[in-house]
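Going down the list, the sequences are from chains A and B. Here the working numbering is used: the first residue of the first sequence is 21, the next is one more, and so on. Here the working numbering is used: the first residue of the second sequence is 21, the next is one more, and so on. In this text, a Cβ means the ideal position worked out from N, Cα and C, and glycines have one as well. For reference, the structure is listed below as structure tokens.
2 protein chains.
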Amino acid sequence: MNTKQVDFSLRLALQDGEPCGALFAKEEIAGVAENVTEARDRIERGRGKGPLAFLELPYSYGSSDRRTAFGDTFSQTLGTIHEAANRIRAARGQFVHVGIGGSALGAITLVTALGVTKSMGYECPAEIHVPDNVDPDWIGELLHRLDLTRVYANVVSKSGDTTETIATFALLLEVMREKSNLSPAELRRRIFVTTNPEEGALAELARSEGFTILPLPDAIHGRFSVFSPMGLLAAAVAGIDVGELLEGARVADERTARAPFGDNPSLQFAALHYVGLTQKGISNLILLPYSNRLRTVGDWYSQLVAESLGKQGQGMTPVKALGVTDQHSQLQLYIDGPKDKLVVVFSVARHAETLRIPNSLASNSAYTYLAYKTFNDLFKAEREATEVSLHLHGVPNCRFELAELSPFNMGYLLTVLEKTVCILGELLSVNAFDQPGVEESKEYARAMLGKSGEQYDQLREIVAKLSK
Amino acid sequence: MNTKQVDFSLRLALQDGEPCGALFAKEEIAGVAENVTEARDRIERGRGKGPLAFLELPYSYGSSDRRTAFGDTFSQTLGTIHEAANRIRAARGQFVHVGIGGSALGAITLVTALGVTKSMGYECPAEIHVPDNVDPDWIGELLHRLDLTRVYANVVSKSGDTTETIATFALLLEVMREKSNLSPAELRRRIFVTTNPEEGALAELARSEGFTILPLPDAIHGRFSVFSPMGLLAAAVAGIDVGELLEGARVADERTARAPFGDNPSLQFAALHYVGLTQKGISNLILLPYSNRLRTVGDWYSQLVAESLGKQGQGMTPVKALGVTDQHSQLQLYIDGPKDKLVVVFSVARHAETLRIPNSLASNSAYTYLAYKTFNDLFKAEREATEVSLHLHGVPNCRFELAELSPFNMGYLLTVLEKTVCILGELLSVNAFDQPGVEESKEYARAMLGKSGEQYDQLREIVAKLSK
Chain A
21 MNTKQVDFSL RLALQDGEPC GALFAKEEIA GVAENVTEAR DRIERGRGKG PLAFLELPYS
81 YGSSDRRTAF GDTFSQTLGT IHEAANRIRA ARGQFVHVGI GGSALGAITL VTALGVTKSM
141 GYECPAEIHV PDNVDPDWIG ELLHRLDLTR VYANVVSKSG DTTETIATFA LLLEVMREKS
201 NLSPAELRRR IFVTTNPEEG ALAELARSEG FTILPLPDAI HGRFSVFSPM GLLAAAVAGI
261 DVGELLEGAR VADERTARAP FGDNPSLQFA ALHYVGLTQK GISNLILLPY SNRLRTVGDW
321 YSQLVAESLG KQGQGMTPVK ALGVTDQHSQ LQLYIDGPKD KLVVVFSVAR HAETLRIPNS
381 LASNSAYTYL AYKTFNDLFK AEREATEVSL HLHGVPNCRF ELAELSPFNM GYLLTVLEKT
441 VCILGELLSV NAFDQPGVEE SKEYARAMLG KSGEQYDQLR EIVAKLSK
Chain B
21 MNTKQVDFSL RLALQDGEPC GALFAKEEIA GVAENVTEAR DRIERGRGKG PLAFLELPYS
81 YGSSDRRTAF GDTFSQTLGT IHEAANRIRA ARGQFVHVGI GGSALGAITL VTALGVTKSM
141 GYECPAEIHV PDNVDPDWIG ELLHRLDLTR VYANVVSKSG DTTETIATFA LLLEVMREKS
201 NLSPAELRRR IFVTTNPEEG ALAELARSEG FTILPLPDAI HGRFSVFSPM GLLAAAVAGI
261 DVGELLEGAR VADERTARAP FGDNPSLQFA ALHYVGLTQK GISNLILLPY SNRLRTVGDW
321 YSQLVAESLG KQGQGMTPVK ALGVTDQHSQ LQLYIDGPKD KLVVVFSVAR HAETLRIPNS
381 LASNSAYTYL AYKTFNDLFK AEREATEVSL HLHGVPNCRF ELAELSPFNM GYLLTVLEKT
441 VCILGELLSV NAFDQPGVEE SKEYARAMLG KSGEQYDQLR EIVAKLSK
């Protein structure tokens, strides 16, 4: 295992002593440090068990010597993933990741942040599509864009009965069978199913049809599954170094498991949420990456926060934004609207591109101050301007800075965020791993689609009454 | 002028009499109807003047007999736009719309919702790119994707000094000059500048370089500029019928200007916001389109709400979501988290696609309930399930339904939303047309980029002090 320097920081905008009406003073954060640390310790004592099994994922692929709760479940998985990814890339394949919510966001986040593209001097030979909605127009668009002779798919549903995923898969399988002219044997080799191998209709179907199963054990909950085959196959197809990604996750896990409050980004970030929620009336969490590639980290963390902590009348509402763009759309509200927000900036210190602003508009002197600056300078100045404005208006904010976009740093960041949410669940005494509100609406949808059974008849009656 | 049937509805989920803990009863809405209507009447009396000039945009292109505040400003504009769009489409051009915030969102919204694509049996011959951020990596990506011999640009900045827009334009102009081999005359014909023709460095530059100016008069504020050349040139390039779009805007304007509360979507929607804000502790506005194509309506309305109403400690925080996808990410929070949300669904009754879910998974009986349903059925069942869940959990919600995605209906919807926000500004006694918080951060950014002048020296000092 390589030893890599941790290239990551969380900057807390603690404002004591400043003239700007600080909302979070050092003492307030320090006041909860012990509570937060104890919650972390309880989490660590439970690790590997029940819903905390996911913490062991980065150690479970044979890339460390540790024996984990998953035993041999994943012993073949990285081999299968690499073989599949190489095959798909060599064929210049169109890889369709079929999943929704926690079965898609991890893959989207990794591929968006790290998928190697032209601007890095290299273009990914494979195309990756993630149809995570059943909008007929959008699914129709996807079908028109696919060359069925080059399609590969990973169908992801732990339970095996996610309605949207099954519907999209049924359609994709049908068109591949009808229109691709692939032999049945080749078609089988093109389809991967990521599901609970122990039970569910999708595992059954995969076995009867001969599709390769990638394991998604029952203990792993969708929103904590980025380091499972759900995230890793798409990542490998995109050319992301999965080993580095998992190493970043392990290093972050070890640091957050052991380091004291002052050196522990998960503890500090959890403390910000906790003080905000319990003492400051902070109900909104603004996720503001200054990086188009990190935009989907906002989507991913939004799910973690909303589904894990949004229950029993509690919770913070995550709000996805993008810097610089949303300075010209949302910043007015953040600065001058209700003081119910914690702003979380994500930034990248070194961008791959070093584009310079040329002096092509020199015929007008109003623009000379920009000439020969880099886009990096401009992007950074805009971010700093926002941070200064937030600061001066007393809006609490903090920033995660990645030295660069790398698999190691992404593994690190996502792990810090996952552990923050586990700690918060413990602190707020909510079960961070269920989503009862969502389960209910899934049942209504099945009822309206005519699923048979007494429970569905009852649900249909409720709907009929409400629609009167 | 065609007479078109209005194909649009706003469904208010008023819950009186229901057993679910209604938050908005009919009487509560009725109780503010007079106030809201009076605010509308004040807006209508001010129309055409000052910042309310934008309401006259749909009448100002010579497509109606009305004389508007803009006089002859736009008399040539539609001709210029159609000529340019035809030229760009005939050349299979790459059209780059350079703008940010209000100078980009209208164009993005129209093109995303209505840009004609393959699934509608026809592919737009032109490509449209909207670099509305200065992320170096993203700008780098764009440059790699452009074939400079086919590039056309519309540079949009009313003031002419939007830092991000100018930087991107400087770069684009430089690479077009250096690498496209276009003659100076042809290059000039490829660049359009949408700016205040009366003042600003961009208008000056355009005149000295010979670029075509499309007018964006000082009275039109960015977030209310969708029906200006900012939105219309991109729309025309995408193949959108601009005449139908403007007609939809006019029909909506006339209805919302005159119709009484019970038949007036702007009045009703404003009332929901107003009761929510002033009586119910609603601080979050969840924008939940069930349509990938309407997703950017959420971005667009978010800016309208945030910048127009987010001031003096007031305002609702808009939260952008997407149905079905976010049922699997955010719905848990909406249903079971704090009761501080108003959920606004946008839906489309008839989708262009009529895809059916085939019976290809019939080898497993768990999936038979889905077979032969359409994706429309599925999408609709999911939306209804969400609405029922929200209803049963007492979460206030409403829905805008478009009969179909059409230029007329989009013009109609956006106008209803613009007028809602004007009415709310009046009701809440805030200036809906300024954005002082944003202006401040723009100045900080310029200071950090080294702009000269005493005011910038002072700002740099503040930053230096804070960064210590």
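It is roughly 20 Å from the alpha-carbon of Asn216/B to the alpha-carbon of Ala382/A.
Secondary structure note for Asn304/B: its beta strand (DSSP E) is the uninterrupted segment 304-309.
Residues of chain A whose Cβ lies closer than 8 Å to the Cβ of Glu446/B do not exist; the shortest such Cβ separation is about 18 Å.
For Ala290/A, no CB of chain B lies under 8 Å from its own CB, so it is not counted at the interface with that chain. In the three-state scheme derived from DSSP, where H, G and I count as helix and E and B as strand, Asn417/A is classed as strand. Put simply, the CB of Leu305/A is far from chain B, with every gap to its CB atoms at 8 Å or more. Residue contact check for Asp155/B against chain A: a CB pair falls below 8 Å. Annotated three-state conformation of Ser29/A is strand, per DSSP. With respect to the 8 Å criterion, Met430/B and Gly268/B are classified as neighbours on the basis of their beta carbons.
For Thr215/A, not one C-beta of chain B is nearer than 8 Å to its own C-beta. Within the same chain, and ignoring the five residues on either side of Val56/A in sequence, the residues whose Cβ sits closer than 6 Å to its Cβ are Leu287, Ala290, Ala291.
Looking at the DSSP output, Lys340/B bridges to Leu307/B. Neighbours of Lys178/A in chain B, taken as residues whose beta carbon is under 7 Å from its own, are absent, since the nearest beta carbon is some 12 Å off. A residue is called buried when at least 16 other Cβ atoms come within 10 angstroms of its Cβ; Arg313/B meets this threshold and is buried.
Close to chain A, meaning a Cβ-Cβ distance shorter than 7 Å, are the following residues of the region 400-417 of chain B: Ala401, Glu402, Glu404, Ala405, Thr406, Val408, Ser409, His411.
Residues of chain B with a Cβ closer than 7 Å to the Cβ of Ala386/A are, in chain order, Asp181, Ala221. Arg60/A has a beta carbon lying at 8 Å or more from every beta carbon in chain B. Excluding its 5 nearest sequence neighbours in each direction, Thr232/A has C-beta neighbours in its own chain below 6 Å: Phe212, listed in chain order.
Listed along chain A are Leu381, Ser383, Asn384, Ala386, Tyr387, each with a C-beta nearer than 9 Å to that of Leu225/B. The alpha-carbon of Lys300/A is positioned some 35 Å away from that of Ala239/A.
In the structure shown, the three-state DSSP call for Ser95/A is coil. Taking the CA atoms as reference points, Ile355/A sits about 46 Å from Pro235/A. Put simply, the backbone Cα of Leu398/A is about 11 Å away from that of Gly470/B. Pro416/A is positioned such that its CB atom lies closer than 8 Å to that of Gly296/A.
When DSSP states are grouped into helix, strand and coil, Phe90/A belongs to the coil group.
If the five residues before and after Lys393/B are omitted, its C-beta is found closer than 8 Å to the C-beta atoms of Arg376, Ile377, all from its own chain and listed in chain order.
Listed along the chain, the chain B residues whose CB falls inside 8 Å of the CB of Ala190/A are Ile377, Pro378, Asn379, Ser380, Leu381, Tyr387, Leu390, Ala391. When DSSP states are grouped into helix, strand and coil, Phe281/B belongs to the helix group. Between Leu202/A and Thr169/A, the C-beta gap is smaller than 8 Å, which places the two residues in contact. Under the DSSP definition of a beta bridge, Ile211/B partners with Ala173/B.
Under the three-state reduction of DSSP output, Arg370/A falls in the strand class. Sequence-ordered contacts of the region 357-378 of chain B with chain A read Gly357, Pro358, Lys359, Asp360, Lys361, Val368, His371, Ala372, Glu373, Thr374, Leu375, Arg376, Ile377, Pro378 [C-beta pairs closer than 9 Å]. At a cut-off of 8 Å between beta carbons, Lys471/B contacts chain A. Spanning the alpha carbons of Lys178/A and Asn396/B requires a straight line of approximately 25 Å. Interface annotation, Tyr172/A: not in contact with chain B, CB-CB separation never under 8 Å. Unbroken alpha helix (DSSP H) stretches of 4 residues or longer found wholly inside the region 374-447 of chain B: 395-412, 427-447, given in chain order.
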